[in-house]
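Written out below as structure tokens is the structure these notes cover.
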Amino acid sequence: MLQKVIKIIKDEIPIWRAASIPGIVIILIVIIARFSGSLQFPEWMLFDTFLKMRPHEPIDEKIVIVGINEKDIEKIGRYPIPDSEIAELIKKISNYKPRIIGLDIFKNVPVEPGSNQLSQVFKETKNLIGIEKVLNPEKISPPPDLPQKQVGFVDIIPDRDGKYRRHLLWTPNPDKPNDKKEDKFSFSLRLVKAYLSSENIYLEENISDSGYVQFNSTEIPIFQPNTGGYVNTDDGGIQTLINFRNGKERFRVFSLHDIKNNKLKKQSLKGKIVIIGITGVSSSDNFYTSAISGLKLHGIISGVEYHAHATSQIINAVINRRPLLKSWSEPIEYAWIIIWGFVPIIIARLTQSVWKNLLAVSASSIFLIGLGYLSLILWGWWVPIAPCLLILSINGLGLSAFAFYQHDRALKSQIHARQSTIEYTFTIIHNGPLQTLANALSRLRTEELPQEQLISQLEKLNSEIRSIGDFLQQETLNSEEILRLGSGLILDLNKPVNELFYEVYSSTLQRNDLKYFNTIKVKTRSFEPIEDRYLNIEYKRELCQFLEECLCNVGKHANGAKRIQVTGKIYDGWYRLSVKDNGCGINSPRESKGTKQCKNLARKLAGNFKRESISPKGCLCEINWPLTLKINFIHKIYITLRNLI
Numbered sequence: 002m003l004q005k006v007i008k009i010i011k012d013e014i015p016i017w018r019a020a021s022i023p024g025i026v027i028i029l030i031v032i033i034a035r036f037s038g039s040l041q042f043p044e045w046m047l048f049d050t051f052l053k054m055r056p057h058e059p060i061d062e063k064i065v066i067v068g069i070n071e072k073d074i075e076k077i078g079r080y081p082i083p084d085s086e087i088a089e090l091i092k093k094i095s096n097y098k099p100r101i102i103g104l105d106i107f108k109n110v111p112v113e114p115g116s117n118q119l120s121q122v123f124k125e126t127k128n129l130i131g132i133e134k135v136l137n138p139e140k141i142s143p144p145p146d147l148p149q150k151q152v153g154f155v156d157i158i159p160d161r162d163g164k165y166r167r168h169l170l171w172t173p174n175p176d177k178p179n180d181k182k183e184d185k186f187s188f189s190l191r192l193v194k195a196y197l198s199s200e201n202i203y204l205e206e207n208i209s210d211s212g213y214v215q216f217n218s219t220e221i222p223i224f225q226p227n228t229g230g231y232v233n234t235d236d237g238g239i240q241t242l243i244n245f246r247n248g249k250e251r252f253r254v255f256s257l258h259d260i261k262n263n264k265l266k267k268q269s270l271k272g273k274i275v276i277i278g279i280t281g282v283s284s285s286d287n288f289y290t291s292a293i294s295g296l297k298l299h300g301i302i303s304g305v306e307y308h309a310h311a312t313s314q315i316i317n318a319v320i321n322r323r324p325l326l327k328s329w330s331e332p333i334e335y336a337w338i339i340i341w342g343f344v345p346i347i348i349a350r351l352t353q354s355v356w357k358n359l360l361a362v363s364a365s366s367i368f369l370i371g372l373g374y375l376s377l378i379l380w381g382w383w384v385p386i387a388p389c390l391l392i393l394s395i396n397g398l399g400l401s402a403f404a405f406y407q408h409d410r411a412l413k414s415q416i417h418a419r420q421s422t423i424e425y426t427f428t429i430i431h432n433g434p435l436q437t438l439a440n441a442l443s444r445l446r447t448e449e450l451p452q453e454q455l456i457s458q459l460e461k462l463n464s465e466i467r468s469i470g471d472f473l474q475q476e477t478l479n480s481e482e483i484l485r486l487g488s489g490l491i492l493d494l495n496k497p498v499n500e501l502f503y504e505v506y507s508s509t510l511q512r513n514d515l516k517y518f519n520t521i522k523v524k525t526r527s528f529e530p531i532e533d534r535y536l537n538i539e540y541k542r543e544l545c546q547f548l549e550e551c552l553c554n555v556g557k558h559a560n561g562a563k564r565i566q567v568t569g570k571i572y573d574g575w576y577r578l579s580v581k582d583n584g585c586g587i588n589s590p591r592e593s594k595g596t597k598q599c600k601n602l603a604r605k606l607a608g609n610f611k612r613e614s615i616s617p618k619g620c621l622c623e624i625n626w627p628l629t630l631k632i633n634f635i636h637k638i639y640i641t642l643r644n645l646i
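If you want our numbering, it's the position in the sequence shown, counting the first as 1, plus 1.
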């Protein structure tokens with residue numbers, strides 16, 4: 002049993018070594034592409050698509066947006082909004098007793114009228130959070146009347162495609178990076194801290210010391226340079242991915258007009274986070290995202306809604322265990338990619354069928370997409386899907402195409418092998434038994450053939466046919482480096498070609514079944530040697546068969562021939578092999594099977610062939626070809642093209 006297993010493994014090793022190399026190369030190319038950042042955009046697109054395809058979530062009742070829209074701006078009649086309008090709005094909202102108010106409008110400079118009124122509101126409203134921008138080059142100061150603990154920054158970092166997927170939670174003060182007391186918190190984190198502290202849930206430890214953000218047992222996943230599909234991305238400060246809420250209505254939204262005209266119920270804002278901001282389309286405070294479905298403006302959300310999402314995801318993660326987005330470590334991610342890279346290779350080996358391979362790869366791709374989707378929406382894991390799909394597609398389709406090609410090539414190779422066997426067998430029969438049969442038929446037509454001679458001819462024919470059968474069986478079992486002549490002589494094709502020509506010449510002219518050999522009185526032959534590097538075994542075989550065919554034609558058709566001249570000569574880098582007799586010449590214009598084979602050989606050798614009558618009488622059969630190493634290369638091209646056509 003163990004020996005069988007070992008044998009199977011030994012048999013499989015060379016197969017896997019040969020078949021897996023292209024697949025492994027593709028895996029390495031995809032890994033290098035991902036490592037270099039070339040796959041960031043497709044990974045981001047798939048990430049956004051998965052988030053967008055999530056089931057719609059209910060409205061987050063913990064957060065309310067008060068948006069100053071285009072109609073509000075038109076009614077006020079000016080922009081920016083005067084401080085008096087903002088002050089009045091904050092007062093009215095405070096009457097509803099919200100837990101925390103966030104003002105997502107810059108108030109670093111007064112907008113008259115009403116600056117004194119707004120300043121007084123800032124001082125009196127202890128649950129109000131204002132905003133600033135702290136990162137260069139567009140710093141904006143906070144409202145001067147709000148203490149630092151009531152201010153959060155709203156700096157947001159876009160990705161290279163202009164879309165927003167991550168959120169900056171904390172950063173050291175760029176002007177005082179070593180002063181921990183001057184550390185800056187984001188607007189959303191200020192809102193979260195204020196809201197959760199009323200639930201007796203506090204931020205654990207000092208962020209600048211610990212390097213992470215944690216409320217009770219809920220730790221916010223920290224963005225790293227290579228988180229998910231990101232590559233070498235700036236991870237300054239503490240950042241996290243945003244798990245946007247999905248659906249047509251994500252938060253309750255009221256307008257400035259609704260608040261001013263008391264159109265809200267008493268419980269609409271009580272105990273909630275209220276974020277005030279500009280939602281008008283004309284505002285520059287808009288952000289691009291592809292992760293939310295059902296947006297009024299496709300792919301665009303207002304800045305105030307962006308901060309609502311950033312706030313909502315942390316609060317709901319702490320209170321409701323809504324998943325936060327995270328990714329595996331890099332070694333695990335690349336191990337995952339490599340594993341999926343070998344899936345189509347294993348499938349191709351197990352199925353060994355083009356259609357089964359395509360079906361299995363398609364099923365694997367669907368399973369992979371489903372797994373990535375469920376991992377993201379259920380547990381928040383951003384799993385590398387795009388590179389795995391790329392490898393599955395390339396290796397799956399590539400190996401399937403290769404299987405198609407291999408199948409087609411094997412089929413054509415079988416057809417070619419059968420055709421070559423038929424042609425080879427025909428040549429042996431043509432130069433042997435058929436010559437005996439033709440001679441017997443010719444004598445029967447022209448003379449009274451005694452029964453004893455007829456029986457002798459038939460016995461010879463029977464012997465030759467059986468001999469050919471035995472030879473073909475022996476050749477199949479043994480070697481392709483031998484050739485059987487019609488005379489029965491077995492040639493060793495490893496010999497120099499000039500020696501082979503001489504053996505063909507001598508053996509064929511000794512045949513007594515070709516009657517016109519008996520009338521020949523003068524026989525001359527000369528074969529100049531050719532270096533073996535110019536001819537392979539196959540060419541030697543076909544040239545010997547060509548010479549035998551030409552000689553047999555003399556013995557069969559050259560009526561009245563007295564002289565035969567057989568030469569093989571080198572001239573100007575070419576070789577000429579010719580057979581000349583002074584018989585009756587060519588009697589029939591019809592092109593025989595043998596002539597077609599000779600022309601085919603000339604094409605393989607990049608040479609030429611001719612068979613013609615000569616003056617005053619006789620026939621010349623001649624083939625010329627160049628002596629060059631290109632011949633073997635041409636032969637390979639010829640075989641390749643024949644297999645492809």
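We put the beta carbon where it would ideally sit given N, CA and C, even for glycine.
As the structure is a prediction and not an experimental result, all values here were calculated from the model.
Distance check for residue j and residue i, CA to CA, integer angstroms please.
i: residue 586; j: residue 536; result: 31 angstroms
i: residue 574; j: residue 627; result: 6 angstroms
i: residue 275; j: residue 161; result: 32 angstroms
i: residue 186; j: residue 256; result: 28 angstroms
i: residue 332; j: residue 112; result: 54 angstroms
i: residue 147; j: residue 67; result: 21 angstroms
i: residue 130; j: residue 89; result: 16 angstroms
i: residue 620; j: residue 568; result: 14 angstroms
i: residue 100; j: residue 53; result: 31 angstroms
i: residue 253; j: residue 340; result: 45 angstroms
i: residue 510; j: residue 517; result: 10 angstroms
i: residue 571; j: residue 618; result: 26 angstroms
i: residue 197; j: residue 183; result: 22 angstroms
i: residue 43; j: residue 37; result: 14 angstroms
i: residue 342; j: residue 397; result: 10 angstroms
i: residue 310; j: residue 302; result: 10 angstroms
i: residue 21; j: residue 366; result: 20 angstroms
i: residue 392; j: residue 219; result: 36 angstroms
Based on Cα-Cα distance, which residue from the options lies nearest to residue i?
i: residue 551; options: 590, 605, 495, 610; result: 610
i: residue 539; options: 180, 493, 572; result: 493
i: residue 503; options: 544, 183, 518; result: 544
i: residue 376; options: 324, 365, 394; result: 324
i: residue 394; options: 87, 501, 27; result: 27
i: residue 548; options: 508, 590, 532; result: 508
i: residue 528; options: 35, 202, 501, 78; result: 501
i: residue 152; options: 180, 193, 118; result: 193
i: residue 122; options: 96, 135, 134; result: 96
i: residue 195; options: 299, 295, 313, 347; result: 313
i: residue 486; options: 497, 506, 358; result: 506
i: residue 60; options: 247, 72, 175; result: 247
i: residue 114; options: 84, 559, 596, 281; result: 84
i: residue 156; options: 174, 177, 176, 134; result: 134
Please classify residue i as buried or exposed, where buried requires at least 16 other C-beta atoms within 10 Å of its C-beta.
i: residue 200; result: exposed
i: residue 29; result: exposed
i: residue 345; result: buried
i: residue 172; result: buried
i: residue 250; result: exposed
i: residue 45; result: buried
i: residue 356; result: exposed
i: residue 349; result: buried
i: residue 386; result: buried
i: residue 479; result: Residue placement at residue 479 is poorly supported in this model, since its pLDDT is 47, which falls under 50; the coordinates still yield a value, given next. So residue 479 ends up on the exposed side.
i: residue 546; result: buried
Since residue i sits in a beta bridge, which residues does DSSP pair it with?
i: residue 575; result: 572, 627
i: residue 185; result: 172
i: residue 493; result: 483
i: residue 515; result: Paired residue(s): none; residue 515 is not in a bridge.
i: residue 242; result: 167
i: residue 622; result: 580, 612
>> Pairs of beta-carbons, one from the stretch 328-348 and one from the stretch 255-275, closer than 8 angstroms: are there three or more?
In response: no
> So does the stretch 161-174 actually touch the stretch 286-303, counting three or more Cβ pairs closer than 8 angstroms?
Replying inline: yes
> On the three-pair Cβ rule with 8 angstroms, is the stretch 227-239 touching the stretch 137-151?
Replying inline: no
> Taking three-plus beta-carbon pairs below 8 angstroms as touching, is the stretch 82-98 in contact with the stretch 117-133?
Replying inline: yes
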